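Residue numbers (my numbering): 1 to 234.
This report refers to the structure that appears directly beneath it.
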Amino acid sequence: MKSDAVDISADARIPRHVGIIMDGNGRWATSRHLPRAAGHRAGVKNIEPIVECMLDRGVRCVTVFAFSTENGGRPVSEVKSLFALFRKQILPLVKKLVVRGARVVFSGERESLPDDVVKLMTEAETLGDGNDKTVNIAFNYGSRAEIVRACKLAAASGEITERSIERGLYTADLPELDMIVRTGGEKRLSNFLLYQAAYGELFFTDTLWPDFSAAEACDMLDEFAKRTRRFGKV
Ligand code: IPE
Ligand code: IPE
Ligand code: MG
Numbered sequence: 001m002k003s004d005a006v007d008i009s010a011d012a013r014i015p016r017h018v019g020i021i022m023d024g025n026g027r028w029a030t031s032r033h034l035p036r037a038a039g040h041r042a043g044v045k046n047i048e049p050i051v052e053c054m055l056d057r058g059v060r061c062v063t064v065f066a067f068s069t070e071n072g073g074r075p076v077s078e079v080k081s082l083f084a085l086f087r088k089q090i091l092p093l094v095k096k097l098v099v100r101g102a103r104v105v106f107s108g109e110r111e112s113l114p115d116d117v118v119k120l121m122t123e124a125e126t127l128g129d130g131n132d133k134t135v136n137i138a139f140n141y142g143s144r145a146e147i148v149r150a151c152k153l154a155a156a157s158g159e160i161t162e163r164s165i166e167r168g169l170y171t172a173d174l175p176e177l178d179m180i181v182r183t184g185g186e187k188r189l190s191n192f193l194l195y196q197a198a199y200g201e202l203f204f205t206d207t208l209w210p211d212f213s214a215a216e217a218c219d220m221l222d223e224f225a226k227r228t229r230r231f232g233k234v
């Protein structure tokens, strides 16, 4: 953790957990007459500065939506380029995040992923052992599938309650999701953390993910601090 980082995790003005739907890589590339893969490369480069800014502001956990189950239905060439990028960039990215005081975990379905990708995930998860902040990378993730899985686990445990279902979510050990950011102009969740978002504050920006800056992220955190959260109460 940087020495100037704030430790105000108990302060309700700081979200404990921020989810980011990093959308707009393809359009960023197309507007520059570049292949979509170049947009994904630029998008990966932007993860570390934005996460760093949030962790420095006292956020304890950031979940980034990197690849949805549904993204697997994109043209084979694009899916291939996304997996190639994951293979090349995941350990360098995780090492940078570990230096920032985070451990890295993954949310999503692993069984259908190539063995070498799963191996990289397992290795990445060990690098930040002992760090108290968390970066959760949602990769091959779909929220409906996650909820079905959690319900099955809850049923097998013989107890179906909100608590038991939450224990089966990938986010079971993570703080409550307080804030969701979506870049790229669309105003939808696209199967991202549907259960966890129940009382999350939503933030949308037209800025395409590779252009999303730490300054804009800070502005959103400032706005979060001003919002009144009622949780159904008066
Ligand atoms: C988000 O950017 C990254 C992934 C979904 C992998 P997109 O690839 O969806 O970019 P746009 O929305 O087409 O611009
Ligand atoms: C959401 O973006 C998934 C990620 C950012 C990884 P999409 O581009 O897949 O979402 P839709 O298709 O616009 O809903
Ligand atoms: Mg998109």
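Cβ atoms here follow ideal geometry from the backbone N, Cα and C, with glycine treated the same way.
These numbers come from a predicted model, not from an experiment.
Given a length threshold of 4 residues, each whole run of the alpha helix (DSSP H) inside the stretch 86-133 is given here in chain order: 115-127. Counted as a single uninterrupted DSSP element, the alpha helix (DSSP H) harbouring THR30 occupies residues 25-30. Annotation for SER68: no alpha helix (DSSP H) segment contains it, though the beta strand (DSSP E) segment containing it runs 61-68.
Going by C-alpha positions, SER190 is about 31 angstroms away from GLY158. The stretch 62-80 makes contact with the stretch 131-143; the number of CB pairs closer than 8 angstroms reaches 3 or more. Membership of HIS40 in the alpha helix (DSSP H) is indicated by the continuous run 36-45. Secondary structure of MET54 (DSSP, three-state): helix.
At a cut-off of 7 angstroms, the beta-carbon of ALA37 does not count as near ligand 2: no heavy atom of the ligand is closer than that.
By the criterion of at least three beta-carbon pairs nearer than 8 angstroms, the stretch 113-129 is not in contact with the stretch 38-54.
Going by DSSP, LEU202 is part of no alpha helix (DSSP H) but of the beta strand (DSSP E) stretching over 201-204. Look at MET22 here: in three-state DSSP terms it is coil, with no helix or strand label. Per DSSP, ARG74 has no beta-bridge partner at all. If you ignore the 5 residues before and after PHE83, its C-beta comes within less than 8 angstroms of the C-beta of PRO114 and VAL117, all in its own chain and listed in chain order. Bounds of the alpha helix (DSSP H) holding ILE147 are 143-157.
A straight line joining the alpha-carbon of ALA198 with that of SER81 spans about 34 angstroms. By the neighbour-count criterion, in which a residue is buried when 16 or more other Cβ atoms sit within 10 angstroms of its Cβ, GLU186 is exposed. One Cα belongs to GLY184, the other to LEU55, and the distance between them is close to 22 angstroms. Excluding its 5 nearest sequence neighbours in each direction, VAL104 has C-beta neighbours in its own chain below 8 angstroms: VAL94, LEU97, VAL98, ALA124, GLU125, LEU127, GLY128, THR134, VAL135, ASN136 and ILE137, listed in chain order. In the three-state reduction of the DSSP assignment, VAL79 falls in the helix class, which pools H, G and I. For LEU208, the closest of ARG87, GLY24 and MET220 by C-alpha to C-alpha distance is GLY24. The shortest CA-to-CA distance from LEU193 to any of ILE21, PHE224, PRO15 and ARG13 is the one to ILE21. With contacts defined as CB atoms closer than 8 angstroms, LEU221 and GLN196 fail to qualify as a contacting pair.
At a cut-off of 7 angstroms, the beta-carbon of ASP23 counts as near ligand 1: some heavy atom of the ligand is closer than that.
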